[in-house]
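Participant:
Residue numbers (the working numbering): 371 to 1020.
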């Protein structure tokens, strides 16, 4: 617990400059005029400049450039102008770098989402008061800013714990600090003499639905409902508890805002768009904010798990199973519908370009962090224009649907297949090897070539050209995705220039990385099984097609396997921050791991032997005892001896 006096006595507690104080007095005065707001803002040149700039933002849709303060305030409205001026006075340049920077950015993103959401609801409920709704939403999380500035070390620890699913910020604050950001915000708003309605809304914006409904007769009931919805929307867009937030949004929208489920889905899309516009006002980046469709899928998946757990705990076995499965099916059906609409190509049913770009970006960041290989395969239907011109676009569509089906049947479950555009398709290969990419690319080409296409009774020869590229990105090489696409595209057109119906693959890595990847491939459990003649290549390949290894960081894996202890891990990470080199390279250079140990750890990271063993048993290729014995022999023959206590075998 922390004495709350530490906050109120701190020199770092946010205070309002004279201009902001005067603006609040003007807002409270019913006799005030717009010129009073203009003249007050002009007293602070910095805020004046920011406000004129804000008036020109796309958020307000101004057609001609705003240069004068009088016109800026007329466009924004006095309440919005006041709220922006307040927010500009609360910004702190010192918090934009250093250990607090991430949490400072998160605070503003959360506040922007709440403000934009509140304004949209205000437009729906009380159009004339939408500026007040915007201001209230913006200030709801004021207590977080106060604690971040006055008790940063203690509060950052709470914020980090709140990132985990299932943890609510207010509960953690109460448990660790003895007070919440809601209570701090209320007190600060009271000290600043903000309108009573705003203070009241801040007090209940995290209240349960039952409490919100009890306040239905309150004079500020509409504002209270809007802030409860805005707080849930911010949790939905910005926190890990998306399932619980979506549940709250459904409850509040249905009981308090008279929205249907379809209305809510559309409204969340509007919120996403409005937030991105609002972010421009505050110079806040929302690049990491996921689309409303993606968030809906994640939230529904969390609700599936929550529903299953709750039923397991509260009902008898037979009833529990029936009800849980029914809810699971309904939610999964809804997820599939959403996913089909937002993430799939309507003609072929495979993923669309937008989905591919998002997955590629995530995979690039993962591979850069883990120094794992990344591969892209481009596929183009040969002479497709001639097919359309000769047999018609309807037959051309049938060809595209069938080749997409062939591609889907050929790639692995973990791979990402998408229609890139026109007759061009792309595959993002999961955990690739050089030989594996070559085999997959050639298998795609062969499977299309073997397919018998017919237009009526007329045979039509359909082939594809394939270009592929594989690389191991270096630390910080976030542009590797664009580079891989360019190289794979070059390979594709080289295949076309050389006669079509062929495959060309290039590796985009230096010889040292290539040799390392070959060593890793040779060390994998699947390769050992083939070398020991326990399985043949086709059998193990079928298993690996549907076998995905959970991702674990290299350092964590080395500790689990007994090659490093925690102190050694921290030493490597510290050197890595300075040099920017890959984890394993630093470990070897410091003498904390041998090259053989790093190869074995990387091989396990890319292909977990226990996961493969489980798949072999499930498919019936090996009996449980035989699979367990094979794993023990592999570990004894291949794994370097552990130097520390083995926590788990990956």
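No residue lacks a Cβ here, since even glycine has one placed at the ideal position from N, Cα and C. Since the model is a prediction, treat every value here as computed from it, not as a measurement.
1) Starting from residue 445 and walking both ways along the beta strand (DSSP E), at which residues does that stretch end?
2) Count the other CB atoms, across all protein chains shown, that sit within 10 Å of the CB of residue 745; report buried if there are 16 or more and exposed otherwise.
3) State buried or exposed for residue 752, treating a residue as buried only when at least 16 other CB atoms are found within 10 Å of its CB.
4) Identify every residue that forms a DSSP beta bridge with residue 721.
5) Using the beta-carbon count (16 or more within 10 Å), is residue 413 buried or exposed?
6) Going by DSSP in three states, residue 839 sits in which element: helix, strand or coil?
7) To which residues of the same chain is residue 542 closer than 6 Å at the C-beta, ignoring the five residues directly before and after it?
8) Please classify residue 827 as buried or exposed, where buried requires at least 16 neighbouring CB atoms within 10 angstroms.
9) Can you tell me the Cα-Cα spacing of residue 629 and residue 583, whole angstroms?
10) Got a sec, what are the start and stop residues for the beta strand (DSSP E) residue 874 sits in?
11) Residue 697 bridges to which residues according to DSSP?
12) Can you find at least 3 beta carbon pairs, one from the region 830 to 844 and one from the region 712 to 722, that sit closer than 8 Å?
13) Could you give the distance in angstroms between the alpha-carbon of residue 606 and the alpha-carbon of residue 619?
14) What residue does the alpha helix (DSSP H) around residue 776 start on, and which one ends it?
15) Out of 924, 434, 932, which has the shortest C-alpha to C-alpha gap to residue 946?
16) Give the DSSP-derived three-state secondary structure of residue 748 in the structure shown.
17) Using the three-state DSSP reduction, which class does residue 552 fall into: helix, strand or coil?
18) Comparing alpha-carbon positions, which option in 440, 394, 397 lies nearest residue 405?
19) Residue 824 lies in the alpha helix (DSSP H); which residues open and close that run?
20) Taking only runs that begin and end inside the region 567 to 614, name each unbroken alpha helix (DSSP H) of 4 or more residues, in chain order.
21) In whole angstroms, what is the alpha-carbon distance linking residue 588 and residue 570?
22) Can you tell me whether DSSP reads residue 828 as helix, strand or coil?
23) Is the beta carbon of residue 921 closer than 7 Å to that of residue 804?
24) Take residue 895 and list the residues in its own chain whose beta-carbon comes closer than 7 Å to its own, dropping the five residues that flank it on each side.
25) Give me, in chain order, the residues of the same chain whose beta-carbon lies closer than 8 Å to that of residue 407; leave out the 5 immediate sequence neighbours on both sides.
26) Can you name the start and end residues of the beta strand (DSSP E) that residue 922 belongs to?
27) Distance, Cα to Cα, residue 927 vs residue 971?
28) Helix, strand or coil, according to DSSP, for residue 524 in the structure here?
29) Return helix, strand or coil for residue 458, following the three-state DSSP convention.
30) Taking all protein chains shown into account, do 16 or more other C-beta atoms lie within 10 angstroms of the C-beta of residue 457, making it buried, or fewer, making it exposed?
31) Could you give the DSSP three-state label for residue 795: helix, strand or coil?
32) Using 7 Å as the threshold, is the C-beta distance between residue 636 and residue 482 below it?
33) Excluding the 5 residues flanking residue 685 on each side, which residues of the same chain have their C-beta closer than 6 Å to its C-beta?
34) Work out the CA separation of residue 964 and residue 844 for me, nearest whole Å.
35) Tell me residue 834's beta-bridge partners as DSSP assigns them.
36) Tell me whether the region 726 to 741 and the region 772 to 779 touch, counting them as touching only if at least three CB pairs, one residue from each stretch, are closer than 8 Å.
Facilitator: Looking at the coordinates:
1) That residue, residue 445, is in no beta strand (DSSP E); its alpha helix (DSSP H) goes 439 to 446.
2) So residue 745 counts as buried.
3) buried
4) Answer is 714, 788.
5) So residue 413 ends up on the exposed side.
6) strand
7) Cβ neighbours of residue 542 beyond the five flanking positions: 528, 531, 532.
8) Answer is exposed; the Cβ neighbour count stays below 16.
9) 16 Å
10) 873 to 877
11) Looking at the DSSP assignment, residue 697 forms no beta bridge with any residue, so it has no partner.
12) no
13) 9 Å
14) 763 to 780
15) Ranked by Cα distance from residue 946, the options 924, 434, 932 are led by 924.
16) strand
17) helix
18) The candidate whose alpha carbon is nearest that of residue 405 is 440.
19) Note, residue 824: premise wrong, no alpha helix (DSSP H); beta strand (DSSP E) at 823 to 825.
20) 579 to 584, 591 to 608
21) 10 Å
22) strand
23) no
24) 977, 979, 982, 1004
25) 393, 396, 443, 448, 451, 452
26) Segment: none, residue 922 is in no beta strand (DSSP E) and carries neither H nor E.
27) 7 Å
28) In the structure shown, residue 524 sits in a helix (DSSP, three-state: H, G or I).
29) helix
30) buried
31) Correct three-state label for residue 795: strand.
32) no
33) Unreliable positioning characterises residue 685 in this predicted model, as indicated by a pLDDT of 47, which lies under 50. A coordinate reading is not provided.
34) 20 Å
35) 751
36) no
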